[in-house]
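Visitor: Below is the structure I would like to discuss, written out as structure tokens.
Protein chains: 2
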Amino acid sequence: MPILPEPVQNLITAFERLPGIGPKTASRLAFHLLRATNDSAQQLADALAALKSATGLCQVCFNITLAGQSVCDICGSSQRDEAQVCVVEEPLDVVALERTGGFTGRYHVLHGVLSPIEGIGPDDLKIRPLIERVKAGSVREVILATNPSMEGDATALYLRQQLLPLNVRVTRLARGLPVGGDLEYADQNTLLRALSGRQEMTN
Amino acid sequence: MPILPEPVQNLITAFERLPGIGPKTASRLAFHLLRATNDSAQQLADALAALKSATGLCQVCFNITLAGQSVCDICGSSQRDEAQVCVVEEPLDVVALERTGGFTGRYHVLHGVLSPIEGIGPDDLKIRPLIERVKAGSVREVILATNPSMEGDATALYLRQQLLPLNVRVTRLARGLPVGGDLEYADQNTLLRALSGRQEMTN
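Those protein sequence lines, which keep their order, are chains X and F. Start counting the first sequence at 1; every next residue gets the next number (UniProt numbering). Start counting the second sequence at 1; every next residue gets the next number (UniProt numbering).
In structure tokens form, the structure reads like this:
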């Protein structure tokens, strides 16, 4: 006989499919919801159901936006400098950069990175629309903010090659020691990058 | 302007309410579902919606069962010894014990532990039905399998006092070194319990 009733097992299975959620966590979540008031399971169910139907992609930068809104708030804002475009891998990266409060330009979300192993080429990402955007003329600087990983670097390199002929400044986020980090625990590559990227101290 | 569209923020908030899920994990899950095919978010939503409506509690042992099924599979099975009742805190504990395959009796789920600090007394748990079950006469042994924690021990002690007058054998799960564990890393209390509970070796 099965140990768990089917509805509980179904929920555990659905949770287990999420990234970073193993069998133990999935059961814990399911049993938590079973014990909780009716509301919390229903709220989660409603939020999930609304997720896809109520969201879409910005037609300019491909960030997540409300369904029916063709241009996102950032692309639609006159406060944001259209001459600077920051290229990121995922919508979550936009959230991270916005939280810093230090960027006043606009974004372009690639929705992935080049990865020959996984068969992801330039046409699988939002690269062509980026080129078109730059060709349109108002962009002066493209900041490549893909992750400092092998794929992120390769994607940045590819984008640089594509963008340079278009007479636009192409920059990449700085590498170095993380703020609050400890030199002793920095890995070799980070330390090398911090050394080679050292800057003049100005009082 | 808000950084995230409302439907995405709603889902993140709903995930954050779950135990062990912080803001970072909640965003990661929400954006994973946003990127995934329509199915996985919908499957999770359906499983959540079905959870409460399709499940109920067994009227004998208070384990989770299918809605409309008044007695669970274990309590309804003639294969399971009704003379042995294993008392656990939560339905998940039944799953853990069933996985061992080493118990052929039945269960009783308390749905919590006594906790004066949180205001949980005997009447908030399924203690009275347990006493009634034992009074009915067919139970010979009650195995107290509440957690080896302060509250679990206190609850076991309370149950023992209530059960002893009923002329039933009351046992508690053994304490000692976990199998595969390392004596060097065992905490002091576990080691003390392992010492005081030492047993004769029989080849």
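Cβ atoms here follow ideal geometry from the backbone N, Cα and C, with glycine treated the same way.
Between F/S77 and F/S53, what straight-line distance do the alpha-carbon atoms span, to the nearest angstrom?
Guide: Near 24 Å, if we compare the C-alpha coordinates of F/S53 and F/S77.
Visitor: If contact is defined by three or more beta carbon pairs under 8 Å, each pair taking one atom from either stretch, is the stretch 51-68 of chain F in contact with the stretch 115-122 of chain F?
Guide: Too few Cβ pairs lie closer than 8 Å, so no.
Visitor: 8 Å is my cut-off, CB to CB: does X/Q42 come that close to chain F?
Guide: Answer yes: the Cβ-Cβ gap between X/Q42 and chain F drops below 8 Å somewhere.
Visitor: Under 8 Å, with one C-beta from each stretch per pair, do the stretch 28-44 of chain F and the stretch 58-69 of chain F reach the 3-pair mark?
Guide: Result no; under three Cβ-Cβ pairs closer than 8 Å.
Visitor: Does the pairing of the stretch 135-144 of chain X with the stretch 84-95 of chain X give three or more beta-carbon distances under 8 Å?
Guide: The stretch 135-144 of chain X is in contact with the stretch 84-95 of chain X.
Visitor: Using the Cα positions of X/R133 and F/G112, report the straight-line distance between them to the nearest angstrom.
Guide: Answer to the nearest angstrom: the Cα atoms are 59 Å apart.
Visitor: Count the other CB atoms, across all protein chains shown, that sit within 10 Å of the CB of F/Y185; report buried if there are 16 or more and exposed otherwise.
Guide: It is exposed - the Cβ of F/Y185 has fewer than 16 other Cβ atoms within 10 Å.
Visitor: Sorted by chain position, which residues of the same chain lie with C-beta nearer than 6 Å to F/R160's C-beta, five sequence neighbours on each side aside?
Guide: The answer, listed in chain order, is V170.
Visitor: Could you give the C-beta distance for X/R175 and X/R198, rounded to a whole number, given that I count them as a contact under 8 Å?
Guide: With 8 Å as the limit, X/R175 and X/R198 do not qualify as a contact, their Cβ atoms being about 11 Å apart.
Visitor: Quick one: what's got a C-beta closer than 8 Å to F/V8's C-beta in the same chain, skipping five residues either side?
Guide: Cβ within range, chain order: A30, F31 and L34.
Visitor: Around the C-beta of F/P5, are 16 or more other C-beta atoms found within 10 angstroms, so that it is buried, or is it exposed?
Guide: Classification for F/P5: buried.
Visitor: Mind pulling the chain F residues with CB within less than 9 Å of X/E16?
Guide: Residues of chain F passing the Cβ test: none, with the nearest at roughly 10 Å.
Visitor: Count the other C-beta atoms from every protein chain shown that fall within 10 angstroms of the C-beta of X/A136, then say buried if there are 16 or more, exposed otherwise.
Guide: The residue is exposed, with fewer than 16 neighbouring Cβ atoms inside 10 Å.
Visitor: Would you verify that the beta carbon of F/V8 is, or is not, closer than 8 Å to some beta carbon of chain X?
Guide: Closer than 8 Å: yes.
Visitor: When DSSP builds the beta bridges, which residues end up paired with F/G105?
Guide: Partner(s): F/D81.
Visitor: May I ask you to list the residues that DSSP assigns as paired with X/S115?
Guide: Beta-bridge pairing links X/S115 to X/I120.
Visitor: Are the beta-carbon atoms belonging to F/I12 and X/E98 less than 8 Å from one another?
Guide: Not closer than 8 Å, so no.
Visitor: Consult DSSP for F/I143 and reduce its assignment to one of helix, strand or coil.
Guide: Three-state DSSP puts F/I143 in a strand.
Visitor: Using the C-alpha atoms, what's the distance from F/R80 back to F/M105?
Guide: Looking at the sequence provided, one finds Gly at residue 105 of chain F rather than Met. Using only the alpha carbons, I get a separation of about 5 Å.
Visitor: What does X/S27 touch in chain F if you count any residue whose Cβ is under 8 Å from its own?
Guide: Ordered by position in chain F, the residues that pass the 8 Å Cβ test against X/S27 are L92 and V95.
Visitor: If the criterion is Cβ atoms closer than 8 Å, does the pair X/I64 and X/Y107 meet it?
Guide: Cβ distance not < 8 Å, so X/I64 and X/Y107 don't count as in contact.
Visitor: Go to X/T155, then tell me how far its alpha helix (DSSP H) extends in each direction, as first and last residue.
Guide: Run containing X/T155: M150 to L163, per the alpha helix (DSSP H) assignment.
Visitor: May I ask you to list the residues that DSSP assigns as paired with X/R172?
Guide: BP columns for X/R172 point to X/L144.
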